[in-house]
Amino acid sequence: MDDAPILEAVDLARSFASGHQRTQALDGVSFAIRPGVVTGLIGPDGAGKTTLMRLAAGLLVPDAGSIRALGMDSTRESLAVQAALGYMPQRFGLYEDLSVQENLDLYADLQGVPHTARAERYAELMHMTGLGPFTRRLAGRLSGGMKQKLGLACTLVRAPRLLLLDEPTVGVDPVSRRELWSIVDRLVKNEGMSVLLSTAYLDEAERCQAVILLDRGKILDQGPPATISARMTGRTWAASVAGKRPRDLQAGLTGHPGVVDALVQGDHVRLVTQTADDPAQLTRLPGLQDAHIDAVPPRFEDGFIDLLHTRNDPVAAPHGVPRVDALPQRADVDDAPVIQVDGLRRRFGSFWAVDGISFDVRRGEIFGLLGANGAGKSTTFRMLCGLLPASAGSLRVAGLDLRHAASTARGRIGYMSQKFSLYGNLSVAQNLDFFASAYGLTGTRRETRRDWALTEFELSPYADRLSADLSLGYKQRLAMACALMHQPEILFLDEPTSGVDPLARREFWLRINALARAGVTVLVTTHFMEEAEYCDRLAIMAAGRILAMDEPAAIKAGARTPEQPEPSMEDAFIRLVEAADAAKEAA
Amino acid sequence: MLIRLLALIHKEFLALLKDPRSRMVLIVPPMIQLLVFGYAATFDLKDISYALYNEDRGTASRELVAAFDGAPAFHRVATLHAEGEIAPLVDKRAVLVVLRIGPRFSADLQSRGSAPVQVIVDGRNSNTAMIALNYVRAIVDGFNRAWITAHGLPAPPARLETRAWFNPNLESRWFFIPGIIGMLTLVTTMLVTALTVAREREQGTFDQLLVTPLRPGEILLGKALPGFLIGMVQGTAILLIATLWFKVPLLGSLSALYAGLALFLLSGVGAGLLISSLAVTQQQGLLGAFLFMVPAVILSGFATPIANMPAFVQTITLIDPLRYFLVILRKVFLEGAGFDVLMGQFWPMAVIGGVSLILASWLFRHRLY
Amino acid sequence: MSAAQKPSLRGGGLMRLKGLVRKEFLQIVRDPSSIAIAFVMPIFLLVLFGYGVSLDADHVPVALVAEAPSPDTADFFASLESSHYFAPLHARTLAAAEQALREGRVNAIVHLRANFAEQLRWSDGAPIQVIVNGVDANTARLTQGYIEGAWGNWLARRTASQGQELATPVQLEQRVWFNSELRSRNYLVPGLVAIIMTLIGTLLTALVMAREWERGTLEALLVTPASMTEILLGKIIAYFVLGTGGMLLTVGLAVGLFDVPLRGAFWLLWACASLFLLAALGMGLAISAVARNQFVAGQVAIIGTFLPAFLLSGFIFDIDSMPTVVQGITHVIVARYFVSIVQTLFLAGDVWSVVLPNALALLLMAAIFLGITWRKSRKRLE
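Protein chains in written order, with this note's numbering: chain A, 1 to 587; chain B, 1001 to 1369; chain C, 2001 to 2382.
Right under this line is the structure:
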């Protein structure tokens, strides 16, 4: 195979009309992708990743410039390009009312795979994806991770030379993500396939041979990920102060001049500074007088955040700690559990989605529920919110079962779901007003809360925009604002950062931390292992049961082995899930 | 509680009316449909095309033909000269009626006092054929009466003196327009309600609603009232068109009419929300709306009287809210009825509405999906 | 390079099409509501119309009032009582009968005055007062016709029994072609075939394209070698077969169960039904492709399909009796052409002068709607 680029863009530009204004989705983008490697397309929300993918697949026509895939012009020879490349769109393009086998057959027919070759190809794909036992199941009944693998299998029925994957890992648990990556690596190594993969997970960027960093339609940087993280050498630290919660430490550091990034990681704060400093100078930063500071190796994420900051982006500009004033400060702050779950079970047909779980959450605690897709997190979550009756066991939220409690009890909780359920055809302000009123806010109180939400979440410029037209990051902000309009004591967050870029995620967690410090109890489900580190305690779930429940550091410590003295949260999680699977098979 | 409810209603209205396309869909088509359907829905034949095949040359036949040509409802489109011309004309629906007068018509009438006239009718639409035959018979009867008086023949010993109450000219439009009001109102309530819950379920906002302090009953009210209010406004507009444009007399009590409209909207909204809360997807909501709407219209007695249906079908019509509303509309409009006569129509709609709304609100929370 | 690839693209066309058609079928089978519309609703409606709904009044409740009962009044009433058209109800006074009419217990009143017997012998005859409830003008006219018929029979019998001859100068000999018994079922049931097929054709397809847009599956289909024409064709074929199934079912029931005569050739009915189905499917797909949003497509389908097909197709109301403007509007209703064809094919036979122009109109409508769909669904995402 020669080294001619397999995908090449020259001065590519494309804009879209939304309302009366045009947004420039891509603005003079040029790049060349080498064959036989995995190239990552990295960028925050609204950077133009999907537009670029669609242009490459010949689904859109560029305003200017050109894009060539496999030596053909994607725009003019779109049919030939589409016949030669594989493309998996964001929602995997599956028919949910068709079974796994039927979906495969459809795509095999469409791709013109001869019948004689199918048995072998299917067997290969089933082996690769592990979907073999589920061929008769409807795609709609598969978990997110399995859907993703089926989507990939459908794209691969006829092995393409170039594979385009648009955010294949959004909303997918770490186990499935790891499996997807091993499939992709195998495809590249064994079949010589070239892959362009877009993602918002920055840890995935480090697995790519090359990355293209995209932001607001422009390329920020491109090259091997190591060169990007190498720039950060000497600027990354781990800081901790004895007797001080890392969350409080982080609150002081965030937004301080000279600090690019501050993240809670278990028992310490990971700090990125603007210039290469020596540790002694860092003690001048707020709260770090008596800190224990170690240098840590830089990560790709550090380089990315730094790049975004140097663009002097108002969104990316470091924020101060969010104002969460006016939260109800209750006098009777005590350690009594706010959420009590005891022996909770839930059955669907003959299948126990939640099979006897118990836990307590104290006031002001951030409690995380972690688990693979289908582990029972969402079912537990829905039962706690009173959306689903429990089959057995008891649950109390603020002393009440929300399913039977008076409606005012529901006014004490806030709820935000993974779909960011907003009324798409209402404007931002109308959504805020509606949820405020639904929680019984009136008159000036409603107005002050709306103004608070618009300023605090920087939604003022979009107040009259339809919420359906917002980018995902802004939708998430709006959903959060809606959940906070009535200043709830307890906050339920179901995968609140799914598909959201790292900057928005950071901002989101700053808010959550501030709320927790003000005494709000937070129950959160998540796929992001780094987010698990932000929790005070977490429960890891699989197959409807809790495998482990402890502080993040303790859970990581439990996974320590001689080969892996410093396991990450992801390692710990995968080890626990694998151990549970092994125990089940042994039984 | 009132604030929450008002907010919900406000939101529903915004969701329905914000988009100019939806606004158009709700307001313009019902008005146009009333105008078009109002003119279309009639059994009165205004323009019966007929062909004449007259083999007789006498004066009597000319008088009879003159009677037909003079009748405003009849319109001669062909004059035939051979029997073979009849079939092609009828077959291709060029004429509805063929009047055939035999060669000895005038002679027989003069000599024997009686002569046959053949009338051929296209029976493909049996109702039209029957009405056309009635018209023909009326003209022939008139001719006969005139002939009897002119020729001093004995008159029959008894004669019919017919009067029609409530609709003296037997205008079938007066009968159908109130029916169209009922149908269009039903369509609108379905339009507003049948897809709403399914849409919120598909978008995930329904869960969001359920975790707010709103009670299922309040959510139900919030979903029901917009449909109800839009139905009221639209019903009023259609009523105005019916009375001012089509000049259908409105004789009865307006308050009884509005009470009927309110109860009918209640039952229609209830049925729509029940369908909507049963449906998992919008596709199912739409098809469900049709599975309700089509039988509801056909069994309502709109075009074919319920009295003509066999007993078991008549029993089914008892759960059709449109059936009751049509009776109310027609009785109030044409018969000048008030509350006293209509009580029997009011309570079944209230029951249908109440039961379906209660079921719908129960399903809000208990339907697993 | 692309030129070399094109033949191979086309060679797989049949396989792609088969895959797409199978996919549509599976989706239809998995959704109970589609099956309900395609098979349950036709049977339900046909049974309703076949057994239930009819314009022919029977057992019309009539109040009979004789102010002074006598053998003459009894003789006249007997002619009404013996007819199956009436369900007579004797009332003592006119006021009571009028009350019954107001309450809807009777549809008509036949009133004989106190001096009826006496007036019968007068030269200008006895008046028989008939009051009908005119609200339902059609039933009123039918009732009136039935009463006139009974009256005529009575007159003939009475004059004959007295050895006299009744003077009826012109005697009407009526010949009703195609449907000699004037059974309304014979014309309602064929028309119903058209209504049912409109529902199957348009309603089922109104959401399918919009659904693929909303769920993002179209994007995945578009990057396969399948062309837009193949994707659309896959849908048309699947729903065409479903619609043909519905058509065969309804025609079979109409002929087999309800004895509606099918005088025309079956192949011709099949051919015209296929054309109609194409037009109806085209309309559904066009709604779907233009709206790209299930909610709006659903609303348009509710407004645009059933009532227009029900009221403006000539199924119930005669198009020739409508004002010219409204007649013009009926030309955009697809069902109109098919209703005309079905009524002719069922009751009259293969009348080419009716079938051909209507079939051409159907062809044109199908071409227009499918053309709109095709134009609105180019193989791009914008």
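Ideal Cβ placement from N, Cα and C applies to all residues, glycine included. The model shown is predicted, which means the values in this text are computed figures rather than measured ones.
Alpha-carbon spacing of residue i relative to residue j, whole angstroms
i	j	result
Val170(A)	Leu344(A)	29 Å
Tyr2146(C)	Phe2266(C)	37 Å
Ile1177(B)	Gly2149(C)	30 Å
Arg2113(C)	Pro2069(C)	9 Å
Ala4(A)	Leu85(A)	16 Å
Val1294(B)	Thr1185(B)	14 Å
Phe2044(C)	Thr1317(B)	14 Å
Val1098(B)	Ala1087(B)	10 Å
Ser2033(C)	Leu2203(C)	11 Å
His2111(C)	Asp2058(C)	21 Å
Ile2303(C)	Ile2195(C)	15 Å
Leu2026(C)	Leu2249(C)	21 Å
Pro89(A)	Gly356(A)	38 Å
Residue i, buried or exposed, once every other Cβ within 10 Å from all chains shown has been counted against 16
i	result
Lys1046(B)	exposed
Glu531(A)	buried
Met1343(B)	exposed
Ser394(A)	exposed
Asn2115(C)	exposed
Gln2162(C)	exposed
Gly443(A)	exposed
Supposed close pair residue i, residue j - CB separation, criterion 8 Å
i	j	result
Met2247(C)	Leu1291(B)	Their Cβ separation, rounded to whole angstroms, is 19 Å, which puts Met2247(C) and Leu1291(B) out of contact at 8 Å.
Val500(A)	Asp166(A)	Incorrect: roughly 16 Å between the Cβ atoms, too far for contact.
Leu1287(B)	Ala2036(C)	7 Å
Gly48(A)	Leu214(A)	6 Å
Ala262(A)	Leu271(A)	5 Å
Gly2284(C)	Gly2201(C)	6 Å
Ala1040(B)	Leu2311(C)	5 Å
Val2193(C)	Val2255(C)	Wrong, their Cβ atoms sit about 11 Å apart, outside the cutoff.
Residue i (DSSP reduced to helix, strand or coil)
i	result
Lys2018(C)	helix
Val2062(C)	strand
Glu1171(B)	coil
Leu165(A)	strand
Ala463(A)	coil
Leu26(A)	strand
His319(A)	The pLDDT assigned to His319(A) is 49, lower than 50, so where the model puts this residue is not dependable; a value taken from the coordinates is nonetheless given after this. DSSP places His319(A) in coil when its eight states are reduced to three.
Ile2037(C)	helix
Ser1253(B)	coil
Glu120(A)	helix
Gly223(A)	strand
Gly255(A)	coil
Arg1057(B)	coil
Lys218(A)	strand
His1010(B)	helix
Test item: CB-CB of residue i and residue j under 8 Å
i	j	result
Gly2234(C)	Val2021(C)	yes
Leu52(A)	Val81(A)	no
Ala2361(C)	Ala2335(C)	no
Gly2050(C)	Phe2178(C)	no
Phe573(A)	Pro174(A)	yes
Ala2297(C)	Ile2287(C)	yes
Leu1064(B)	Val2170(C)	yes
Arg235(A)	Ala205(A)	no
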